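Residue numbers (the working numbering): 1 to 300. Note that beta-carbon positions come from the ideal geometry of N, C-alpha and C, so glycine has one too. Predicted model, so just to flag it, every value in this text is computed and none were measured.
In structure tokens, the structure reads:
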């Protein structure tokens, strides 16, 4: 997690992007301390520091030096009454950082507005027109990933019950049928050829993914019911697991099948029309919370 936060500080320009990794930052800090220590030549004249690279964004340095953001005492401790509630000063600073550093992104587009409505998925956001292609494919790929996952869970649950284990507790056939009614038409309208070309151009295709996506999409197009889809994709799902989990397969008897438990999912994962269609949310829920906190701070 620390590396992810660090990457965010660099991407937003809060820390100088030339600094590089955390290790590079600590090296740079050491250099700053060393080079600002009084060094004199043979005539006892002070020498100028060799390294004048600014580590932190000038605006956050100004906020820090003027005590406008929390700072630790000489012992490195923060005040006992500090909390995570974002202040107006912090909110204004972060909003500007996103606007300056993330031009053309979904987040920057949101921050151009005066208010914000949280959303669970990126296609529900107020995203810029320049991202139409990416968001369009993200939504449909999320739908396809969801039905693949439901089919996998159903097949695995069938294998486990045949081995004498208790069922998972969800009517997965019903979930698959509900997905079929909600999403099949959208999946068939999806320009799958454009998606395939796009992931190749962007170097996003991995291994056998393209073949699996095309085969599953073809079966959804050719078959006339969710029951037929569940029956016709069993071999496809088995091959997929063998390819992706060769040493940890759950669809064959053994330890990994015995220990499998249905993962804890978001409420409505198997039935709510808001969440049933989608598997991937691209962390939109987390991003929504962060942005909502910033907008709340702006209103203080």
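For residue i, which of helix, strand or coil comes out of DSSP?
i, result
"residue 123", "helix"
"residue 132", "helix"
"residue 6", "helix"
"residue 112", "coil"
"residue 139", "helix"
"residue 102", "coil"
"residue 97", "helix"
"residue 278", "coil"
"residue 144", "helix"
"residue 166", "coil"
"residue 177", "helix"
"residue 320", "Here the chain comprises residues numbered 1 to 300, so residue 320 is not present and cannot be evaluated."
"residue 244", "helix"
"residue 237", "helix"
"residue 292", "helix"
"residue 86", "coil"
"residue 187", "helix"
"residue 205", "coil"
"residue 192", "helix"
"residue 272", "coil"
"residue 27", "helix"
"residue 257", "helix"
"residue 22", "helix"
"residue 71", "coil"
"residue 66", "coil"
"residue 221", "helix"
"residue 149", "helix"
"residue 252", "coil"
"residue 158", "helix"
"residue 171", "coil"
Cβ of residue i within 8 Å of Cβ of residue j?
i, j, result
"residue 163", "residue 289", "no"
"residue 275", "residue 268", "yes"
"residue 190", "residue 147", "no"
"residue 60", "residue 14", "yes"
"residue 82", "residue 151", "no"
"residue 282", "residue 138", "yes"
"residue 107", "residue 123", "no"
"residue 230", "residue 112", "no"
"residue 295", "residue 115", "yes"
"residue 97", "residue 216", "no"
"residue 199", "residue 214", "no"
"residue 161", "residue 169", "no"
"residue 279", "residue 149", "yes"
"residue 55", "residue 23", "no"
"residue 251", "residue 172", "no"
"residue 177", "residue 226", "yes"
"residue 235", "residue 86", "no"
"residue 78", "residue 72", "yes"
From the DSSP secondary-structure annotation, give me the bridge partner or partners of residue i.
i, result
"residue 15", "56"
Is any non-hydrogen atom of the ligand PLP found closer than 7 Å to the C-beta of residue i, if you look at the structure I gave you?
i, result
"residue 184", "Looking for the ligand PLP in the displayed structure turns up nothing, as the structure carries no ligands at all."
Using the beta-carbon count (16 or more within 10 Å), is residue i buried or exposed?
i, result
"residue 121", "buried"
"residue 175", "buried"
"residue 240", "buried"
"residue 243", "exposed"
"residue 195", "buried"
"residue 109", "buried"
"residue 310", "Residue coverage of the chain in this structure runs from 1 to 300, which leaves residue 310 outside it and unanswerable."
"residue 277", "buried"
"residue 57", "buried"
"residue 10", "buried"
"residue 26", "exposed"
"residue 30", "exposed"
"residue 95", "buried"
Quick one: is residue i near chain B, going by C-beta distance under 8 Å?
i, result
"residue 78", "Included in the structure is just one protein chain, with no chain B present."
Contact the segment 219-232 vs the segment 170-189: 3+ CB pairs below 8 Å | Flag = yes, the segment 219-232 and the segment 170-189 touch.
Looking at C-beta atoms only, is the number of pairs between the segment 88-96 and the segment 289-300 that lie closer than 8 Å three or more?
-> yes
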